[in-house]
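Enquirer: Under the numbering used here, the first residue of the sequence shown is numbered 1, with each subsequent residue one higher.
A virtual CB, placed ideally from N, CA and C, is assigned to each residue, including glycine.
Provided herewith is a single structure, encoded as structure tokens, for subsequent inquiry.
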Amino acid sequence: MLQQQASRSYRHVDANRKSDPSVWKQRLAQETGKPKQDDTLTNLLVKARLIPQQDICDAMEMAESHGQPVDQVLFTSGIVSEELRQLLLRAVNFIERGLVSEALAIDGLQVAHRKGLTFESGLAYFGWGW
Numbered sequence: 001m002l003q004q005q006a007s008r009s010y011r012h013v014d015a016n017r018k019s020d021p022s023v024w025k026q027r028l029a030q031e032t033g034k035p036k037q038d039d040t041l042t043n044l045l046v047k048a049r050l051i052p053q054q055d056i057c058d059a060m061e062m063a064e065s066h067g068q069p070v071d072q073v074l075f076t077s078g079i080v081s082e083e084l085r086q087l088l089l090r091a092v093n094f095i096e097r098g099l100v101s102e103a104l105a106i107d108g109l110q111v112a113h114r115k116g117l118t119f120e121s122g123l124a125y126f127g128w129g130w
């Protein structure tokens with residue numbers, strides 16, 4: 001019973017801190033072990049700052065209330081476009097295969113998204129593939 005009260009209290013505190021940028025970090029860090037691909041996608045999206053923080057918080061609330069993964073809510077609600085989704089999937093694939101570091105993937109995502117390029121072309125701005 002004490003654990004249930006603590007859990008409810010924790011959710012209440014999170015609900016009151018919607019604008020706090022550390023909320024998504026806490027929620028993403030709650031899972032242990034190797035992050036799932038949807039966590040990696042969301043994590044990349046947040047670190048690259050490709051959509052507003054408030055959209056991430058709103059998607060996390062919807063995901064929690066509907067029992068769906070955050071990435072699914074982001075994609076099905078239209079917060080993340082299909083083009084951005086493809087860029088994110090490509091970036092995760094490159095990271096998992098060890099072709100780029102997470103930092104380089106974030107830089108490549110930002111350039112590719114801003115200029116409407118492929119992920120590989122975004123990486124080329126930073127010397128990747130030469």
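Please confirm whether I56 and L74 have their CB atoms less than 9 Å apart.
Expert: Yes, these two residues count as a Cβ contact at 9 Å.
Enquirer: Evaluate the contact criterion for the region 44–64 versus the region 107–117: three or more CB pairs, one atom per stretch, below 8 Å.
Expert: Yes: the two stretches touch, three or more of their Cβ pairs being nearer than 8 Å.
Enquirer: I need the boundaries of the alpha helix (DSSP H) containing L87, first residue and last residue.
Expert: Segment 82–96, the alpha helix (DSSP H) holding L87.
Enquirer: State the Cα-Cα distance for the pair S104 and E120, rounded to the nearest angstrom.
Expert: Looking at the sequence shown, residue 104 is not Ser but Leu. Distance between the alpha carbons of L104 and E120: 11 Å.
Enquirer: Which residues in the same chain have their Cβ closer than 8 Å to the Cβ of L89, if we skip the five residues on either side of it in sequence?
Expert: The answer, listed in chain order, is L41.
Enquirer: Going by the beta-carbon positions, is the gap between A91 and S77 smaller than 9 Å?
Expert: No. Outside cutoff.
Enquirer: Along the chain, where does the alpha helix (DSSP H) containing V73 start, and where does it finish?
Expert: Taken as a continuous stretch (DSSP letters only), the alpha helix (DSSP H) holding V73 covers 70–76.
Enquirer: Should L84 and V100 be called a contact, given that it needs their Cβ atoms to be closer than 9 Å?
Expert: No; because the gap between Cβ atoms is not below 9 Å, this pair is not in contact.
Enquirer: Quick check on W100: does DSSP put it in helix, strand or coil?
Expert: One detail in the question is off: residue 100 reads as Val in this sequence, not Trp. It is coil, neither helix nor strand.
Enquirer: Take S9 and list the residues in its own chain whose beta-carbon comes closer than 7 Å to its own, dropping the five residues that flank it on each side.
Expert: Bear in mind that a pLDDT of 39 at S9, under 50, signals an unreliable position, so the number given afterwards is only what the model happens to contain. Cβ within range, chain order: n/a, list empty.
Enquirer: If you reduce the DSSP assignment to three classes, tell me which class F126 lands in.
Expert: Coil.
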